[in-house]
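Asker: Take this note's numbering: the final residue in the sequence shown is number 1230, and no numbers are missing along the way. Built from N, CA and C at the ideal position, the CB exists for glycine as well. Keep in mind the model is a prediction, meaning the values are calculated, not measured. Supplied in structure tokens, the structure appears directly below.
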Amino acid sequence: MAFFAKTLAKTATWLLRLFQNFLALIIIGTCGYMLHEFAKFGFRPPQEVFVPMFFSCIALVVSFLSIVAVCCLPGPLQLIAAIFDFCILSGYIASAVLLFNNYHRDDNQNTLWRWLVGIRLAHNQTGRERRTGALVKLLDACVILMILLFFFTTLLSFCLAILSGQEHYERAAVREEIEEGKHHRRHSRGSSR
């Protein structure tokens, strides 16, 4: 039963990590475009763009390493992976809080959209209103999805650490019983001679 649960948890973790990598790449690309737009016109990028990109870069590295090592990480290292997941989850929650003013259906109410369109129009270029609105909504959606994915991988990593710890103690108990049986047989042979 524990083997089945551990295999299922590892498989689910591996699939969620693939989605995390995919979404982190989307966030990096979206934020990179927005950072380029702000830099091109000489504006300092807002935290709403920088923070999700920063945590997506970290998430990309951590998720990639976890994909590679999910099958062979022992219990204590699974616990470290869970702690990293929790830290990245906290970063994405901070990103969602920063993006709070950008969750409106109407693009005119989204501050990030107004900034991006406004700086383009101020420099006599097309505002690209529809593209910018779609990118802001994409960034919002990806950050929310990353919160959900990292929440579940944090839980799964903790479960894997617990299952690995239980398996370790079960193996140790079996080894101890075997050694006690050998020790008992040696003493019983020595007393019969």
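(1) For P1089, report the span of its alpha helix (DSSP H) as first-last.
(2) Run through DSSP, which three-state label would F1078 get?
(3) Looking only at its own chain, which residues have a Cβ that is under 7 Å from the Cβ of F1080, when we skip the five neighbours before and after it?
(4) Between G1170 and W1150, which are expected to be in contact by the criterion C-beta below 8 Å, what is the C-beta distance as a whole number of angstroms?
(5) Determine the contact status of T1191 and A1119, defining contact as a CB-CB distance below 7 Å.
(6) Which class does D1143 belong to by DSSP, given the choice of helix, strand or coil?
(7) Any contact of the region 1050-1065 with the region 1138-1148, i.e. 3+ C-beta pairs under 8 Å?
(8) On the CB-based measure, 16 or more other CB atoms within 10 Å of its CB, does C1042 come out buried or exposed?
Answerer: Per the coordinate set shown:
(1) Q1084 to A1106
(2) coil
(3) Same-chain partners within the cutoff: I1156.
(4) 6 Å
(5) yes
(6) coil
(7) no
(8) This sequence places Ala at residue 1042; Cys is not what is there. A1042 is exposed by the Cβ-count criterion.
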